[in-house]
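In what follows, a single structure is set out as structure tokens and then discussed.
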Amino acid sequence: MSTAVIAAALAGGGAVLAGWELIGWAQAASLPRRLAAVMAPLRETGGEAVTLAERRRLVLLLAVTLLGAGGLVGGLLPALAAGAAGPWLVGRALAMRRARWRRAMADGGAVAARASADALAGGHSVRGAIGEAAGAGGAGPAVDGELRRARSSMALGARTEAVLGSLRDRAGCATWDTLVAAILLQREAGGDLAALLRDLAADLEAVRRVQADARAATAQARFTAGTVAVLPVLAAVLAELAAPGTLAKIAAEPVALVLAAGAGVLQVAGVLVVRRLGRTGEL
407 MSTAVIAAAL AGGGAVLAGW ELIGWAQAAS LPRRLAAVMA PLRETGGEAV
457 TLAERRRLVL LLAVTLLGAG GLVGGLLPAL AAGAAGPWLV GRALAMRRAR
507 WRRAMADGGA VAARASADAL AGGHSVRGAI GEAAGAGGAG PAVDGELRRA
557 RSSMALGART EAVLGSLRDR AGCATWDTLV AAILLQREAG GDLAALLRDL
607 AADLEAVRRV QADARAATAQ ARFTAGTVAV LPVLAAVLAE LAAPGTLAKI
657 AAEPVALVLA AGAGVLQVAG VLVVRRLGRT GEL
């Protein structure tokens, strides 16, 4: 038996032992739970700001994943390019999560205003009306969660102005700026706050309907722009899979590289223009 065969056998045995150790470590470390903790900031759990440590863990996880995927598909250069896109993708994902949460807060503002108006008409104070609106539900998980937070803060003795100001700042939309301003002004100046909140709820619902119609009217254009932008990328990936080295050949030819870069710039510009034209704005 040659030395090479013995070395190969020892290496194989070592690989088996290392594999068992890796499986044991994953079980002991509860790997799914750790991954869920890392991905937690991407879930729509509220308006909490993502800490720097959470962002770094997300960037590291996504960069390593993209680096490995790029290496399997196209080699070293695509792997480095994909890994470098990790921080940008994490930033976009977090921005989209925050935008979705703010839209949910704006969409539920009218329901919360009407629930508060009903509680005020029933004889509750402003603090009591906020507590009743928190218990009524129906405004969506985002708004219900924020109202429960406000109710808990007031139960602990926080001032109404501070609680409403915090709610307004966390929501970060014109809907809650208007609602909080109305409550605070009517609380100081007097008047029929219940009627004012009902009028605001009706106006907000009308505005949301108009915005929904505008988004529906521009949905096809935005979807088409995204599809057209993704098709060249998919074509490049398929070409590389069918004939490995295609992207390297393109990168090696100055004329082809300039044409590909110009096409990429035009694609990005087209997507940005369509997004700008299809922007409806949010309250």
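So the mapping is simple: the working numbering equals the position in the sequence shown, first residue as 1, plus 406. Where is the CB? At the ideal position from N, CA and C, for every residue including glycine. No experiment lies behind these values; they were computed from the predicted model shown.
Does residue i come out as helix, strand or coil in the three-state DSSP assignment?
i: Gly632; result: helix
i: Arg565; result: coil
i: Glu659; result: coil
i: Ala491; result: coil
i: Gly571; result: helix
i: Pro638; result: helix
i: Ala649; result: coil
i: Asp598; result: coil
i: Gly676; result: helix
i: Gly578; result: coil
Check whether the Cβ of residue i sits closer than 7 Å to any heavy atom of the ligand HEM, and report yes or no.
i: Leu473; result: Of the ligands one can find in the structure shown there are none, so the ligand HEM has no counterpart to examine.
Given that a residue counts as buried once 16 or more other Cβ atoms are within 10 Å of its Cβ, and exposed if not, what is residue i?
i: Ala535; result: buried
i: Leu637; result: exposed
i: Glu552; result: buried
i: Met560; result: buried
i: Thr630; result: exposed
i: Met511; result: buried
i: Thr471; result: exposed
i: Asp575; result: exposed
i: Gly528; result: exposed
i: Arg614; result: buried
i: Gly597; result: exposed
i: Thr633; result: exposed
i: Ser558; result: exposed
i: Leu644; result: exposed
i: Gly496; result: Gly is not the amino acid found at residue 496; the sequence shown has Val there. Val496 is buried by the Cβ-count criterion.
i: Ala348; result: Nothing in the structure corresponds to residue 348, since the chain is present only between 407 and 689.
i: Trp494; result: exposed
i: Gly537; result: buried
i: Leu672; result: exposed
i: Leu570; result: buried
i: Leu591; result: exposed
i: Leu473; result: buried
i: Leu562; result: exposed
Report yes if the CB atom of residue i is closer than 8 Å to the CB atom of residue j, and no otherwise.
i: Leu387; j: Leu606; result: This structure does not reach residue 387, given that the chain is present from 407 up to 689, and the question cannot be answered.
i: Gly578; j: Arg508; result: yes
i: Val674; j: Ala627; result: no
i: Leu610; j: Ala588; result: no
i: Leu526; j: Ala625; result: no
i: Arg604; j: Arg520; result: yes
i: Leu573; j: Ala545; result: no
i: Asp550; j: Ala564; result: no
i: Ala635; j: Val677; result: yes
i: Ala568; j: Gly514; result: no
i: Ala648; j: Ile656; result: no
i: Glu646; j: Leu653; result: yes
i: Ala523; j: Gly492; result: no
Fill in: Uninterrupted beta strand (DSSP E) stretches inside the region 502-560 (no shorter than 3 residues)
Listed in chain order, nothing qualifies, since the region 502-560 has no complete beta strand (DSSP E) run of 3 or more residues.
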